[in-house]
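Visitor:
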Amino acid sequence: MSDNFSAKETLAIYGECATTITFVRDSFLTEEKTFPTMQDAIDYLQALDATPLGVVLHIRVHGRNIPFDRDNVAKLMRELL
Numbered sequence: 000m001s002d003n004f005s006a007k008e009t010l011a012i013y014g015e016c017a018t019t020i021t022f023v024r025d026s027f028l029t030e031e032k033t034f035p036t037m038q039d040a041i042d043y044l045q046a047l048d049a050t051p052l053g054v055v056l057h058i059r060v061h062g063r064n065i066p067f068d069r070d071n072v073a074k075l076m077r078e079l080l
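Just so it is clear: in the sequence shown, position 6 is 5 by numbering that gives the first Met the number 0, and no numbers are missing.
1) Express the C-alpha separation of residue 11 and residue 41 in angstroms, rounding to a whole number.
2) Residue ranges of each alpha helix (DSSP H) run of no fewer than 4 residues wholly in the region 16-56, ordered along the chain?
3) Buried or exposed: where does residue 66 fall if 16 or more other Cβ atoms within 10 Å of its Cβ makes it buried?
4) Determine, using beta carbons only, whether residue 35 and residue 17 come nearer to each other than 9 Å.
5) Determine, using beta carbons only, whether residue 47 and residue 72 come nearer to each other than 9 Å.
Structure below.
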């Protein structure tokens, strides 16, 4: 994703897509949760008490996953507050 991407535009394009969050709590514990929409996944991340060590969103589109890494997830969360 480029430095000038827009969270609102991304949400408009992928907002209704199923989204899986993979996050690392510590060096031994990795969790994965799937949500019906991208907005649901972002809302879940924003509600977490502790920031995970690592986060990747996988947006399911046309039979494939589009990954968003921790930096891009942070941009999404900042812009969508």
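Beta carbons are placed, not taken as given, at the ideal position from N, Cα and C, and that holds for glycine.
Guide: According to the data block:
1) Distance between the alpha carbons of residue 41 and residue 11: 14 Å.
2) Here the runs fully enclosed are 37-46.
3) Flag for residue 66 reads exposed.
4) Yes.
5) For residue 47 and residue 72, no; Cβs fall outside 9 Å.
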